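So in the working numbering, spot 102 of the sequence shown is number 409, and the numbers just go up one at a time.
For every residue, glycine included, the Cβ atom is placed at its ideal position computed from N, Cα and C.
Here the structure is a predicted model, which is why all the values come from computation and not from measurement.
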Amino acid sequence: MTFNWFNRAAESEEQTEAPKPEETTAPETAAPDPAEALTFAKAAYERLKQKQQAAAQLAAQQAAEQKDDAEPEAAEPEAVEPDAEPIVSTLEAPTIVASEPEPIETPEAELAPVAAIEPVAPIETPEEPAVRPLWMQAQAETEARLEEFRATAIVTEPEPQPEPTAKKVEYIYPPDLILDDGFTWGAEVLAAQGRRVEDISLEEITWLKRLRQGLDKTRRNLVNQLKAIVGQGPLNQDAVDEIETLLLQADVGVMATDKIVEALQTKLRNEVLPPDEAIAFLKQLLREMLDAPYTTGGYKRGFSPEKDKLNIWMMTGVNGAGKTTTIGKITHVASNSGYKCLIAAADTFRAAAVEQVKVWGARSGVEVISNPGQNTDPAAVVFDAISAAQSRGTELLLIDTAGRLQNKKNLMDELAKVRRIIDKKVGDDVQIETLLVLDSTLGQNGLQQAKVFSEAAQISGVVLTKLDGTAKGGIALAVVEQLGLPIRFIGAGEGIEDLRPFSGYEFVEALISG
């Protein structure tokens, strides 16, 4: 069973967009009652638990069928073994008969008539061993014991043969469900977006919990202090200064901070709001800022590959931002969502870059097109990858480019050259996107890089990585406000499951939740 994250993102955006004509009061009215939220979360939990039990029963049934199929195969050797045992027993009989002559009593009987010549008896050759050295006697005794051990070993050898062990089937159980605070909060967020109990999936709940955990550092620095400030009524200059400090520490940026403070001042000047209502107003303000590239910038809201046609996504950014890792994670999301993917290893300058992207391709089960030579032309690799994608019916081609600094003009020119090759190689019916990967821990330094990249490579969206390792999660607001670019993907961990399509509503709820 696969979960289509791209369709899920489109559905949630449509559902959150619907209540906007009613001044977006639906999200705030959907979750104020904790009892209703808990009831909804329990219903979702029970439904997911039933799905898990059904999946476990199906897995057990399939395992039992496999075991039944394997039993006849294991029984066949048993049928052959009984035939082998009689053969062993028949062979043992002759050996026993052969051992009886060892006393050689018959020759003594034949020599009985010659017993009159007893004077010769003292000179019996058989007693010559008594004259042998002790070490020779010990050696003879040892050999006799070894013969006895071999005989017993031959007798017991057939016993271990009947070892028909059935193949063990390892059951793969679904992950455990825990009705904790994170589950309740995730179900509440999905319910506020218009999701029904039967529509909620475990993948969404797991991701929301991970996102909230990744933004924990930023949230702890913001929420409590903001509540204390905005709950005091109209903002004075000291309160404004405190809010500005908090937002700037979270790397929201000067432009976004000024916009937020001005809107809060206007709102609180006209009416006195309790802290919870003031926080709800702040959430609504942040959502509108994150949606600005779609409402006023002209960018398409739904960002997903089109089925049954070629889509080309080129990843760019500075060294260390996480481009190659991001490609592996996006490929994993796209493959699990039912798309045919291919990766172009066009980072031909960095040592071991091709090997790294091949490792991610292997983890996602996606082939990587590369050039075995070193320091080859990246544009040539891209050209070959597009040809391969067109011939194989690929739906999503992800291109890994070399990291570069924004002040290196020759490298930026080479990036523009790669984009021109793509434009010439494919027609107008191919969707071409260029995503800029930004390290969230860099803060405002990343914005300066993004400005130059957007001019050279026609950036159509941003991927924010490493949000789990910083207390500056507000960089998302700064990217949107200063660059006017939409955020397409967000990463909150190192695992292959820790990157998902961006949702402004869910990001704000994870950033500012009690």
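Return yes when the Cβ of residue j is within less than 8 Å of the Cβ of residue i, no when it is not.
i: GLY780; j: ALA587; result: no
i: PHE313; j: SER611; result: yes
i: TRP492; j: SER820; result: yes
i: ASP720; j: ALA653; result: no
i: ILE278; j: VAL733; result: Only positions 308 to 821 of the chain appear in the structure, and residue 278 is not among them; the question remains open.
i: VAL725; j: VAL770; result: no
i: ALA817; j: ARG502; result: no
i: LEU571; j: LEU589; result: yes
i: VAL786; j: ALA757; result: yes
i: LEU484; j: GLN359; result: yes
i: LEU704; j: ILE637; result: no
i: MET622; j: LEU742; result: yes
i: VAL496; j: GLU813; result: yes
i: LEU784; j: LEU593; result: yes
i: VAL640; j: ARG807; result: yes
i: ILE512; j: ALA498; result: no
Given this structure, state the Cα-to-Cα distance separating residue i from residue j, to the nearest angstrom.
i: GLU372; j: SER747; result: 50 Å
i: PHE656; j: LEU718; result: 11 Å
i: THR397; j: ALA447; result: Residue placement at THR397 is poorly supported in this model, since its pLDDT is 40, which falls under 50; the coordinates are not used for a value here.
i: ILE766; j: GLN357; result: 44 Å
i: ILE567; j: TYR606; result: 23 Å
i: ALA563; j: GLN789; result: 8 Å
i: TRP829; j: ILE634; result: Because residue 829 is not part of the residues shown, which for the chain are 308 to 821, the question remains open.
i: LYS802; j: LEU486; result: Strictly speaking, residue 802 in this sequence is Gly, with Lys absent from that position. Spanning the two alpha carbons is a distance of roughly 23 Å.
i: ASP691; j: VAL664; result: 17 Å
i: LEU745; j: GLY629; result: 8 Å
i: ALA252; j: VAL559; result: This structure cannot settle anything about residue 252, because the visible part of the chain is limited to 308 through 821.
i: GLU674; j: GLU578; result: 59 Å
i: ASN311; j: GLY776; result: 27 Å
i: GLU702; j: VAL625; result: 27 Å
i: ARG699; j: LYS374; result: 39 Å
i: LEU617; j: ILE739; result: 9 Å
i: VAL522; j: TRP514; result: Note on identity: in this sequence residue 522 is Leu, with Val being the wrong assignment. Rounded to whole angstroms, LEU522 to TRP514 spans 12 Å at the Cα level.
i: ALA348; j: GLN500; result: 14 Å
i: ALA709; j: GLU804; result: 24 Å
i: THR631; j: LYS731; result: 25 Å
i: GLY800; j: LEU774; result: 7 Å
i: THR772; j: ILE797; result: 6 Å
i: LEU345; j: GLN697; result: 50 Å
i: THR603; j: SER761; result: 18 Å
i: SER644; j: THR573; result: 45 Å
i: GLU613; j: LEU553; result: 41 Å
i: ARG727; j: ASP548; result: 48 Å
i: GLU551; j: GLY768; result: 27 Å
i: GLY811; j: ARG315; result: 14 Å
i: ASP583; j: PRO541; result: 15 Å
i: LYS877; j: ALA669; result: Outside the shown range of the chain (308 to 821) lies residue 877, about which nothing can therefore be said.
May I ask which residues mark the beginning and end of the alpha helix (DSSP H) holding residue i?
i: VAL688; result: 685-699
i: PRO600; result: 599-602
i: GLY489; result: 488-499
i: PHE814; result: 811-818
i: ILE567; result: 561-577
i: ASP548; result: 544-556
i: LYS665; result: 660-671
Say the cut is 7 Å; is the CB of residue i nearer than that to a heavy atom of the ligand COA?
i: LEU575; result: Absence of the ligand COA is noted for the structure shown, with no ligands found whatsoever.
Considering residue i, what are the terminal residues of the beta strand (DSSP E) in which it resides?
i: ARG519; result: First-last for ARG519: 509-521, but that is the alpha helix (DSSP H), not the beta strand (DSSP E).
i: ASP707; result: 703-707
i: ILE650; result: 648-652
Would you verify that the beta carbon of residue i is, or is not, closer than 8 Å to some beta carbon of chain D?
i: LYS779; result: The chain labelled as chain D is not found in the depicted structure, where only one protein chain is given.
Which ranges would you report for the beta strand (DSSP E) in the stretch 613-644 if only whole runs of at least 3 residues count?
Listed in chain order, the complete beta strand (DSSP E) runs (minimum 3 residues) inside the stretch 613-644 are 618-623.
Quick check: the stretch 642-653 against the stretch 351-363, are at least 3 beta-carbon pairs closer than 8 Å?
no
- Touching or not, the stretch 793-808 and the stretch 592-611, by the rule of three or more beta carbon pairs under 8 Å? yes
query = Curious, which full-length beta strand (DSSP E) runs of at least 3 residues does the stretch 718-749 contain?
reply = 738-746
Review point. Curious, which full-length beta strand (DSSP E) runs of at least 3 residues does the stretch 772-808 contain?
Key: 794-798 and 806-808
Self-check item: Given 8 Å, three or more beta-carbon pairs between the stretch 744-762 and the stretch 508-527
Solution: No, the stretch 744-762 does not touch the stretch 508-527.
Touching by the beta-carbon criterion (3+ pairs, under 8 Å), the stretch 531-548 and the stretch 500-516: Judged by Cβ distances under 8 Å, the stretch 531-548 makes no contact with the stretch 500-516, as fewer than three pairs qualify.
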